[in-house]
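Quick note on our numbering: the sequence shown kicks off at 144 and runs consecutively. Here's the structure, in structure tokens; my notes come after.
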Amino acid sequence: MENKMETKPEQALNDGTFRPITRRKFTQEHTEHKQLNITAIAIDRLVPCANHPFQTYKGERLEKLATSISISGLINPIAVRPYTNGSYEILSGHNRVEAVKLLGQNKINAIIMERVSDKEAERIVIESNINQQSFADWNYSQQIRVIKIYNKYIQDNSQQGKRRDLADNATCVHSEHKLVDKHPRPKTRDKISKQLGLSSTVFERYRSIAKLDDKTLDRLCEMLDERRLGFMAAYRLSQLKQGEIYVVLDFIKDNPDTKLKSSTAKLLYDKSQDSTDKELTKESIQELLITI
144 MENKMETKPE QALNDGTFRP ITRRKFTQEH TEHKQLNITA IAIDRLVPCA
194 NHPFQTYKGE RLEKLATSIS ISGLINPIAV RPYTNGSYEI LSGHNRVEAV
244 KLLGQNKINA IIMERVSDKE AERIVIESNI NQQSFADWNY SQQIRVIKIY
294 NKYIQDNSQQ GKRRDLADNA TCVHSEHKLV DKHPRPKTRD KISKQLGLSS
344 TVFERYRSIA KLDDKTLDRL CEMLDERRLG FMAAYRLSQL KQGEIYVVLD
394 FIKDNPDTKL KSSTAKLLYD KSQDSTDKEL TKESIQELLI TI
């Protein structure tokens, strides 16, 4: 049966805070502020979200979703925003669109969300997939790309938090009263880690990996998905210097039978930290990888 999805865009339109909102609030508030409309849209007018980091259903899984829709109908409309030349960008419902295509239908019911920024759109894509699946259901590539997006939100909210604190302190000084915060605001990263079902420690390890540059991250994620190295080994690698990471990844690529263990990656990290050189040499890294 089709997974029932609750679209929970971020309630951050005015205050910038991280609060996913419920379907009830979505229909009430966004009808007023986002001109919510539901209509049947031609399939050929839909384009996938440019920043969609998830793999769509294939094979049997897609066929099961199509069968469910053919029997019960489309329970939840997809969510889109106006794009270019009369087309619409899919924010939520990529799998349902593919299932409807498989059924030979040429239209699909959609919620049209007007005036949605790129940042809001990116968040809706992530939230809708989290509501459908567990974080643990995704492969490492998907998980880490989601964390990379969340890193931007954490950074933005951190800056906003600093501005609020400065404003609070200014008010406190002006009034000559000490501001006592009996209920400290939860940190954005704590909210996100809880939503994803991760401990704070594991979440920070994901964040360390996700901070790598795109080219390095693509190579690392590919090796994670291929089980050429484990999560803890990837975390340890993310703590190395850029040039050292390249040497390790090149070595793994050139030696197909090599699987980097977390203990080996930890030794590399310790050696790098203890070294007085700017970076470990290629020869010293390869020697360690060969002998361990």
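Just so it is clear, CB atoms sit at the ideal spot from N, CA and C, and this is done for glycine as well. Quick caveat, the model's predicted, so the values are computed rather than measured.
Check                                                                                             : Outcome
Boundaries (first-last residue) of the alpha helix (DSSP H) holding A264                          : 261-275
Residues that N252 bridges to, as DSSP identifies them                                            : A183
For D420 and Q198, the rounded distance between their alpha carbons                               : 42 Å
For S211, the nearest candidate out of R224, F394, A242 (CA to CA)                                : A242
Nearest-angstrom beta carbon gap, V259 and Y226 [assumed within contact, 8 Å]                     : 11 Å between Cβ atoms; not a contact.
Same chain only: Cβ atoms within 6 Å of I335, ignoring 5 sequence neighbours per side             : Y293
Nearest to N238 (by Cα), restricted to the options I254, K207, M256, Q429                         : K207
The region 363-379 touching the region 415-435, judged by at least three CB pairs closer than 8 Å : no
Endpoints, alpha helix (DSSP H) assigned at A193                                                  : No alpha helix (DSSP H) contains A193, which DSSP labels as neither H nor E.
Beta-bridge partners of R224, as assigned by DSSP                                                 : E232
CB contact check: V268 to chain C, cutoff 8 Å                                                     : This model lacks chain C altogether, as it is built from one protein chain only.
Residues that DSSP places opposite L403 in a beta bridge                                          : L372
Distance between E270 and P163 (C-alpha atoms, nearest Å)                                         : Caution applies to P163, whose pLDDT of 40 falls short of 50 and renders its modelled position unreliable; the model cannot decide the point.
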